[in-house]
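Undergrad:
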Amino acid sequence: REHILLAKQVGVPNIVVFLNKQDQVDDEELLELVELEVRELLSQYDFPGEKIPFVSGSALLALEKVTKNPEIQNGEDEWVDKIHNLMEAIDNYIPTPKRDIEKTFLMAVEDVFSITGRGTVATGRIERGIIKVGDTIEIVGLKETKSTTITGLEMFQKTLDEGMAGDNIGILLRGVQKNEIERGMVLAQPNTITPHTQFEAEVYILTKEE
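Under full-length UniProt numbering, the sequence shown has 123 at position 123, and the numbering climbs by one with no breaks.
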């Protein structure tokens with residue numbers, strides 16, 4: 001219940017449900033009853049409970065099978081197949097998010113590390129815009145704003161010429177020491193972000209009944 005309510009509060013638009021630990025339930029009717037109850041709960045919080053895909057399985061058993069045989073194929077094991085069914089349901093039901101590439105570049109820094117002989121790399125998910133090797137950007141937040149140039153882009157160990165909104169990427173920064181940038185700062189197109197020391201926020205606290 002808490003997960004569904006929190007999903008609603010933060011604006012999650014689409015949900016696919018995975019009923020885990022199916023291997024511990026012998027009664028098929030019990031599984032059907034649980035699914036019915038969850039669908040009713042989803043509808044109660046304004047999700048389309050009757051339409052949302054449900055997949056049951058065992059994440060642990062599937063993981064054990066794949067660990068023993070990394071080359072296992074779809075159709076060779078019941079529990080692994082259920083994970084494939086889950087991914088298929090996600091692909092079919094969850095729409096691809098629209099990438100916000102028209103706005104100015106912005107990326108929150110999630111991690112920082114150094115590459116010997118190359119420099120400092122900041123990693124994170126690009127929130128908006130497009131970035132290319134050679135672009136000038138600013139490091140904003142926590143410390144004095146610093147300007148730098150992008151000398152390399154990498155995603156999943158592949159070198160790129162550009163990155164765009166939605167990409168989880170590593171950005172190689174020219175002339176930046178590792179201690180000059182940290183998690184919580186942002187990379188942005190110059191003169192588009194103003195740092196602040198305070199802000200207003202709305203906090204939603206679950207009631208005892210919820």
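Positions of the beta carbon are idealized from the N, C-alpha and C atoms, including for glycine.
Flag this pair as yes or no: are the beta carbons of residue 208 and residue 162 separated by less than 9 Å?
TA: Taking 9 Å as the cut-off, the Cβ atoms of residue 208 and residue 162 do not count as close.
Undergrad: Determine the contact status of residue 57 and residue 36, defining contact as a CB-CB distance below 9 Å.
TA: Residue 36 sits away from residue 57, with the two beta carbons spaced by 9 Å or more.
Undergrad: Counting only runs of 3+ residues fully inside the UniProt domain "Tr-type G" (1 to 98), write out the beta strand (DSSP E) ranges in chain order.
TA: Here the runs fully enclosed are 17 to 19 and 54 to 56.
Undergrad: Runs of 3 residues minimum, wholly inside the region 125 to 196: which ones carry the beta strand (DSSP E) assignment?
TA: 130 to 132, 136 to 141, 143 to 155, 158 to 160, 162 to 164, 168 to 173 and 186 to 188
Undergrad: Whose C-beta lies closer than 7 Å to the C-beta of residue 100 among residues of the same chain, with five residues either side of it excluded?
TA: 128 and 165
Undergrad: Quick check on residue 65: buried or exposed, where buried means 16 or more other Cβ atoms within 10 Å of its Cβ?
TA: buried
Undergrad: Ordered along the chain, which non-local residues of its own chain (more than five positions away) have a Cβ less than 8 Å from that of residue 112?
TA: 120, 121, 122, 123, 178, 181, 182 and 183
Undergrad: Leaving aside the five residues before and after residue 59 along the sequence, list all residues of the same chain whose C-beta is less than 6 Å from its C-beta, in chain order.
TA: 20
Undergrad: Taking the C-alpha atoms as reference points, what is the distance between residue 45 and residue 204?
TA: Using only the alpha carbons, I get a separation of about 15 Å.
Undergrad: I need the straight-line Cα distance from residue 148 to residue 176, nearest angstrom please.
TA: 7 Å
Undergrad: Measure the beta-carbon distance from residue 193 to residue 106 and round it to whole angstroms, keeping in mind my assumption that it falls under 8 Å.
TA: 7 Å
Undergrad: Taking only the alpha-carbon atoms, compute the straight-line gap between residue 195 and residue 189 and give it to the nearest angstrom.
TA: 13 Å
Undergrad: Could you tell me the distance, in whole angstroms, from the CA atom of residue 125 to the CA atom of residue 155?
TA: Distance between the alpha carbons of residue 125 and residue 155: 10 Å.
Undergrad: If we call anything under 9 Å between Cβ atoms a contact, is residue 17 one with residue 42?
TA: yes
Undergrad: In the structure shown, what three-state DSSP assignment does residue 111 receive?
TA: strand
Undergrad: Go ahead and pull the three-state DSSP assignment for residue 206.
TA: coil
Undergrad: Can you grab the Cα-Cα spacing for the pair residue 79 / residue 138, in whole Å?
TA: 48 Å
Undergrad: With which residues is residue 122 paired in a DSSP beta bridge?
TA: As DSSP reads the structure, residue 122 sits in a beta bridge with 112 and 171.
Undergrad: Considering Cα atoms alone, identify which of 202, 167 and 72 is closest to residue 98.
TA: 167
Undergrad: Measuring straight from C-alpha to C-alpha, what distance separates residue 2 and residue 15?
TA: Using only the alpha carbons, I get a separation of about 14 Å.
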